[in-house]
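Engineer: There's a structure below that I have some questions on.
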Amino acid sequence: MSVRDELVQQGVRFLQHPKVQDTPLSERLQFLEKKGLTPKEIAAALKLNDEKNAARAAQAVASVTSGKSGERLQGRVGVVVGGNVGLGQLIAVKLAKEGAKLAIIGEKGADALNSTQSKNVEAQIQALEGATAPKL
0 MSVRDELVQQ GVRFLQHPKV QDTPLSERLQ FLEKKGLTPK EIAAALKLND
50 EKNAARAAQA VASVTSGKSG ERLQGRVGVV VGGNVGLGQL IAVKLAKEGA
100 KLAIIGEKGA DALNSTQSKN VEAQIQALEG ATAPKL
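Numbering that gives the first Met the number 0 puts the sequence shown at residues 0 to 135.
Take a look at the structure:
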């Protein structure tokens with residue numbers, strides 16, 4: 000790799016740095032010019048940066064949409080604090096739908112396992128195809 004190619008790669012790394020992402024484009028271009036990149040090299044760095052960002056975005060989308068529904072979290076364990084009410088309940092059911100085994104931490108006290116909220120979450124999870132919600 001030539002020195003100029005390495006300079007372009009450094010420019011790409013600079014553009015991808017989290018602290019630089021929100022900086023105005025004009026400031027990023029000025030910085031690259033000060034580092035000695037030519038307009039053509041700056042254009043190449045911007046193009047490579049865009050390609051890498053697009054590839055990362057595609058990979059993220061693929062990881063979210065890959066696999067059959069109900070299998071994305073197969074073999075994984077999730078702990079949901081507050082999983083017997085509100086948003087925690089919604090998250091617990093969603094994780095169970097994706098195949099995760101769950102530990103749901105809800106209300107404190109001896110009556111927690113027999114509470115209406117806990118039974119509701121347990122019923123929703125057991126209603127899922129192939130899901131079980133054993134009590135500990």
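For glycine and all other residues, C-beta sits at the position ideal for the given N, C-alpha and C.
1) Could you give the distance in angstroms between the alpha-carbon of residue 24 and the alpha-carbon of residue 14?
2) From residue 76 to residue 99, what distance separates their C-alpha atoms?
3) Enumerate in chain order the residues of its own chain whose CB-to-CB distance from residue 31 is below 6 Å, with the five nearest sequence positions on each side excluded.
4) Where does the unbroken alpha helix (DSSP H) through residue 85 begin, and where does it stop?
5) Rounded to whole angstroms, what is the Cα-Cα separation between residue 135 and residue 88?
6) Sort out for me which residues DSSP pairs residue 104 with in a bridge.
7) So, under 8 Å CB-CB, residue 103 and residue 79 are touching, yes? Tell me the CB distance rounded to an integer number of Å.
8) Compute the beta-carbon to beta-carbon distance between residue 7 and residue 54, rounded to the nearest angstrom, for a pair I have assumed lies under 8 Å.
Structural biologist: Quick look at the numbers:
1) Cα to Cα, the separation comes out at about 10 Å.
2) For residue 76 and residue 99, the distance between alpha carbons rounds to 5 Å.
3) 10 and 41
4) Its alpha helix (DSSP H) spans residues 85 to 96.
5) Low confidence applies here, because residue 135 scores a pLDDT of 47, under 50, leaving its location unreliable; read the following figure in that light. Their Cα atoms are separated by approximately 18 Å.
6) 80
7) That belief holds up - the Cβ atoms of residue 103 and residue 79 are roughly 5 Å apart, short of 8 Å.
8) Going by Cβ atoms, the distance from residue 7 to residue 54 rounds to 17 Å, so no, they are not a contact pair.
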